[in-house]
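Colleague:
There are 2 protein chains.
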Amino acid sequence: MDVWQWSAAEAGARMAQGALTSEAYVRACLERIAQREGDVRAWAHLDADAALAQARARDREPRRSVLHGIPVGLKDVIRTRDLPTAFNSPVYEGGLSAAGGNAASPLAFPPAEDAHCVAVLRALGAVILGKTQTLEFACGGRFPPTRNPWDEARTPGGSSSGSGAAVADGMVPLALGTQTGGSTIRPAAFCGVFGMKPTWGRLPFDGIKSFAAHLDTVGLYGRSVDDLLLLWQAWGLSEPDEAERPVGPARALRLGVCRTPNWDQAEPAAQQAFEGALSRLSAAGVTLLPCELGPEHAAINTWQDEIMQDGGRSAFRPEMLAAPALLHEEFQRKLGNHLGLTPARLRAALDAVARCRMDFERALDGLDGALTLSAPGVAPVGLHTQGLAVFNRLWTALQVPCVSLPVLWSPEGLPLGLQLVGPRYEDGRLLEAAARVATLFDPPRHPWN
Amino acid sequence: MDVWQWSAAEAGARMAQGALTSEAYVRACLERIAQREGDVRAWAHLDADAALAQARARDREPRRSVLHGIPVGLKDVIRTRDLPTAFNSPVYEGGLSAAGGNAASPLAFPPAEDAHCVAVLRALGAVILGKTQTLEFACGGRFPPTRNPWDEARTPGGSSSGSGAAVADGMVPLALGTQTGGSTIRPAAFCGVFGMKPTWGRLPFDGIKSFAAHLDTVGLYGRSVDDLLLLWQAWGLSEPDEAERPVGPARALRLGVCRTPNWDQAEPAAQQAFEGALSRLSAAGVTLLPCELGPEHAAINTWQDEIMQDGGRSAFRPEMLAAPALLHEEFQRKLGNHLGLTPARLRAALDAVARCRMDFERALDGLDGALTLSAPGVAPVGLHTQGLAVFNRLWTALQVPCVSLPVLWSPEGLPLGLQLVGPRYEDGRLLEAAARVATLFDPPRHPWN
């Protein structure tokens, strides 16, 4: 096994024993990137020397945490003090060199401060490896050039395209993304990696380009549930009642089965893979119970879209005022309230979602989570699509935590995600349940095997 | 009338006619600050030369908007590209000089990027005058040194202490603050200025230190409703149905009267002033209708506190990890989940608030807003208190827009705020209604009269 193939947990254990340096691990990742980046195009900004300097500095220090010396990729909507942040937008290009801004791009700024999530990871000793490609502003407009490591003709999914692809391709063991619609879970499914959208608001969004306040969420990527746990635990959010209600062994799990009102949009192969997974879980002793959403849930994706589009009315106003010629017309449409949303319609959407949230969590009572698909099928062909988010937008609107497990496969061997959804604030328990579920499937596959 | 006494609207009209330069207006504000700052202590960072340079640059340009050349103060939790941002926290002191951070304060950063709201104002030609004093992180810990311009022995209220006091004292016509509990409306009431907490999420919080995601809101200050409108309109958020439901003349207003479940905490003088205001409005032809909150609303302030304290579990983690010795113990307590909040309790609080929100907006149906007090009384004596937020926290939790009008006065001549509350997303209508209400009272008083 090559060094770059090790998970964060495996590499961290070796570092703790003195059997691996951060420099060696980071160098292995950089070499993998050098070899593969021409094909995968996952990175927006990379400074190999700076990353190695961080790694050497960590190697000279006492270990600060389990993340000490571990490289992390960051979606390029997340601000960093030592790398540019450009959101894949021409408005912010040139920020590294133009300290005072420049005439064509007056909002471009030099790197200066870490987003909240970056400050947490850096303080714990993680090495900020680079910035990963994103759909413009994680919202629309310009597509990233990133290709799916499983099939370069296919999208890795978006908008956290580079984070999903880089982790899948062995370029970096961990990465952060964001999700406002389906931007974390969808790339996790299409790229065959583990992904997590935590409970909305649990990880501060401070320092990340906002799109829609009710929905914007930091996302996590890894190549195992253990690695997602390493990232999640960085925020120190264990709940006081977790010890009282431990997640039991896999065979004692009680999981809901939630095909959602959009099941007819799932491809037959995805539906078959899902049903196969249920059989496997059932055979392993897992208790599966129906967890269907009532008819009032059918419109959640529409309400989610209204809430999301409304965010666009103010999110891109600085760019519209300062550099309209550089702002893709899609954002200009959003600024113009292209759906004609009224206050009454927005309140109705938000309140309907609030009622559905209460209903769904009541349905989860006594369960360890609900199973559904992460995406309606495999990654579509083409780099100017992201695929559909029909199995993501409802959960984003409900603000509940979701984990995507790369344990389902299409007949042609492309990844499909199995999604586990839990009640708000039980992110830690949900990850524990996801770890149990993962043990009942074959070990993860990788595009390099 | 001295130049510094002009409102933003008055000064802007003169600038549009060529009868006033931004430089002259900014210079007048700076002179007022030089004269009064020793007593009021409203400013955390001020760079007079840089402010004058901005003003001269605006004077050389075509006017960009009604805010062109108008100086604005910013609470020092709002990031700026040309001034330090220190949150009144020792963790971030020294950020101006220490480009790479310093050993004692590793998170201190140089100014580099404007918060979303600052970028909007700057693009519209506003002059960023300086940063105003705040309670540490707009949350707790270290109090600001700011004194109330009406009585220097009293607090200006917090946490947007400097913004409220600076506008009240004629140092700057407009300022931004934030509100997570009562941090915008309370200083507006105590300082006798107009203040607005918009609908949660309407103005992106991007670039402002977050405390509690469900509650954090940008706040606006001015010395008239017209000036609040100048600020509000900067975001371009007029609603498609506003023209269909125009706010009528003052005598045609229909307002609810909402004494809230905490009316017994209002001081007798405040209650009397409120009842006097109702008589005055009624005599002017305003239709006043009961808008009482049901018994289920009695606990909103408790739920608001749980939601707010929960935000503190993650908000201050970077500071706790990187510079624990510089982080006030109050934040360390918050990080430790000092209320012992469980996921179930948080969900219950959020869902109960969501139900109250639906109830309250149903009660507002057919009304132009609801009247209540902005604060339970006048500013308390002492600079190590902020006063109570019992008449603010419920509205912050409900995420509805609020405007405080300085039209009530205590027998000793100190300001008391009359608060007008509306349904979500009807911020523009609420400001129009507030403008009508203001015409039925005597013109604003100022501490310098």
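For the record, the sequence lines run as chains A and B. For the first sequence, counting from 1, position 51 maps to 51 in our numbering; every step adds exactly one. For the second sequence, counting from 1, position 123 maps to 1123 in our numbering; every step adds exactly one. Virtual Cβ for every residue (Gly too), placed ideally from N, Cα, C. Quick caveat, the model's predicted, so the values are computed rather than measured.
Compare the C-beta of Asp210/A with all C-beta atoms of chain B and state if any pair is closer than 7 Å.
Modeller: The question names Asp, yet the displayed sequence has Ser at residue 210/A. So yes, Ser210/A belongs to the interface.
Colleague: Using DSSP bridges, identify the partner residues of Tyr221/A.
Modeller: Partner(s): Ala175/A and Gly195/A.
Colleague: What in chain B is Cβ-close to Arg340/A, meaning under 7 Å?
Modeller: In the sequence on display, residue 340/A carries Gly and not Arg. Within 7 Å Cβ-Cβ: Pro1240.
Colleague: Report the rounded CA-to-CA distance for Arg313/A versus Leu1321/B, giving the unit in angstroms.
Modeller: Spanning the two alpha carbons is a distance of roughly 36 Å.
Colleague: Assess, as a yes-or-no matter, whether the stretch 154-165 of chain A is touched by the stretch 360-372 of chain A under the definition of 3 or more beta carbon pairs within less than 8 Å.
Modeller: Counting Cβ pairs under 8 Å, fewer than three are found: no touch.
Colleague: Could you tell me whether the Cβ of Glu1113/B comes closer than 7 Å to any Cβ of chain A?
Modeller: Chain A contact via Cβ: present.
Colleague: Pick out whichever of Leu1339/B, Ala1168/B and Leu1255/B has its Cα sitting closest to the Cα of Arg1036/B.
Modeller: Answer by Cα proximity: Ala1168/B.
Colleague: Keeping to the same chain, check which residues put their C-beta closer than 6 Å to that of Gly192/A; ignore five residues upstream and five downstream.
Modeller: Correct list, in chain order: Ala168, Pro406 and Pro415.
Colleague: If we define contact as Cβ-Cβ less than 7 Å, is Pro1324/B a contact residue for chain A?
Modeller: By this cut-off, Pro1324/B is not an interface position.
Colleague: Anything in chain B within Cβ reach of Trp395/A, meaning under 8 Å, just list it in chain order.
Modeller: Within chain B, no residue comes near Trp395/A; the closest Cβ sits about 15 Å away, beyond 8 Å.
Colleague: Could you check if Ser1404/B is buried or exposed, using at least 16 other CB atoms within 10 Å of its CB as the buried criterion?
Modeller: Ser1404/B should be labelled buried.
Colleague: If you measure from the beta carbon of Val1120/B to each beta carbon in chain A, is any gap under 7 Å?
Modeller: Yes, its Cβ sits closer than 7 Å to a Cβ of chain A.
Colleague: Around the Cβ of His1328/B, are there at least 16 other Cβ atoms within 10 angstroms (buried) or fewer (exposed)?
Modeller: Per the 10 Å Cβ criterion, buried.
Colleague: Please compile the residues from chain A whose C-beta is within a distance smaller than 8 Å of the C-beta of His1214/B.
Modeller: The answer, in chain order, is Gly201.
Colleague: May I ask you to verify whether the stretch 1074-1090 of chain B touches the stretch 1032-1048 of chain B, counting CB pairs closer than 8 Å and requiring at least 3?
Modeller: Counting Cβ pairs under 8 Å, three or more are found: they touch.
Colleague: Write down every uninterrupted run of the beta strand (DSSP E) in the stretch 1129-1189 of chain B whose length is 3 residues or greater and which is fully enclosed by it, in chain order.
Modeller: Listed in chain order, the complete beta strand (DSSP E) runs (minimum 3 residues) inside the stretch 1129-1189 of chain B are 1174-1179.
Colleague: Taking the straight line between their C-alpha atoms, what separation do you get for Val1072/B and Ala1234/B?
Modeller: Their backbone Cα atoms lie some 13 Å apart in a straight line.
Colleague: List the residues of chain B that Glu361/A touches, going by C-beta distances under 7 Å, in chain order.
Modeller: Those within 7 Å of Glu361/A in chain B are Arg1347.
Colleague: Quick one: which chain D residues come within Cβ less than 7 Å of Ala1354/B?
Modeller: The chain labelled as chain D is not found among the protein chains of the depicted structure, namely A and B.
Colleague: Mind listing the chain A neighbours of Arg1060/B? Cutoff is C-beta to C-beta under 7 Å, in chain order.
Modeller: None at all; the shortest Cβ gap to chain A is about 15 Å.
Colleague: By the criterion of Cβ-Cβ separation under 7 Å, what are the contact partners of Met1358/B in chain A?
Modeller: Here the neighbours are Asp351.
Colleague: Nearest CA to the CA of Pro1145/B: which residue from Trp1263/B, Phe1274/B, Thr1134/B and Asp1151/B?
Modeller: When each option's Cα is compared against that of Pro1145/B, the closest is Thr1134/B.
Colleague: Considering only residues of the stretch 1328-1375 of chain B, which uninterrupted beta strand (DSSP E) runs meet the minimum length of 3 residues and lie entirely inside it, listed in chain order?
Modeller: Taking only runs of at least 3 residues, the beta strand (DSSP E) segments lying wholly in the stretch 1328-1375 of chain B are 1370-1373.
Colleague: Are there 16 or more other CB atoms within 10 angstroms of the CB of Thr1199/B, so buried, or fewer, so exposed?
Modeller: It is buried - the Cβ of Thr1199/B has at least 16 other Cβ atoms within 10 Å.
Colleague: Look at the alpha carbon of Val1218/B and the alpha carbon of Ala269/A, and state the distance between them as a whole number of angstroms.
Modeller: In a straight line, the C-alpha of Val1218/B is about 48 Å away from that of Ala269/A.
Colleague: Quick one: using the 10 Å Cβ neighbour count with 16 as the cut-off for buried, is Pro1261/B buried or exposed?
Modeller: Buried is the call here.
Colleague: What three-state label does DSSP hand Ile70/A in the structure shown?
Modeller: The answer is coil: DSSP assigns Ile70/A none of H, G, I, E or B.
Colleague: Since Ala375/A and Gly417/A should fall inside the 8 Å C-beta cutoff, what is the C-beta to C-beta distance between them, to a whole number of angstroms?
Modeller: Yes, Ala375/A and Gly417/A are in contact; Cβ-Cβ is about 6 Å, under 8 Å.
Colleague: In the stretch 133-162 of chain A, which residues sit with their C-beta less than 8 Å from some C-beta in chain B, listed in chain order?
Modeller: Within the stretch 133-162 of chain A, no residue has a Cβ that lies closer than 8 Å to any Cβ of chain B.
Colleague: Tell me whether Ser1210/B sits in a helix, a strand or coil according to DSSP, three-state version.
Modeller: DSSP places Ser1210/B in coil when its eight states are reduced to three.
Colleague: Quick test of the definition: if touching needs 3 or more C-beta pairs under 8 Å, does the stretch 1194-1211 of chain B touch the stretch 1288-1305 of chain B?
Modeller: Result no; under three Cβ-Cβ pairs closer than 8 Å.
Colleague: Look up His297/A in the DSSP assignment and give the residues it is bridged to.
Modeller: His297/A pairs with nothing; no bridge assigned.
Colleague: Comparing C-alpha positions only, which one of Leu394/A, Pro447/A and Pro443/A sits nearest to Gly422/A?
Modeller: Gly422/A has its Cα closest to that of Leu394/A, out of Leu394/A, Pro447/A and Pro443/A.
Colleague: How big is the Cα-Cα spacing for Arg1147/B and Phe1109/B?
Modeller: Cα-Cα distance, rounded: 28 Å.
Colleague: Counting only beta-carbon atoms, is Ala123/A nearer than 7 Å to chain B?
Modeller: By this cut-off, Ala123/A is an interface position.
Colleague: Cutting at 6 Å between CB atoms, please list the residues of its own chain near Ala1028/B, excluding the five before and the five after it.
Modeller: Correct list, in chain order: Val1003 and Trp1004.
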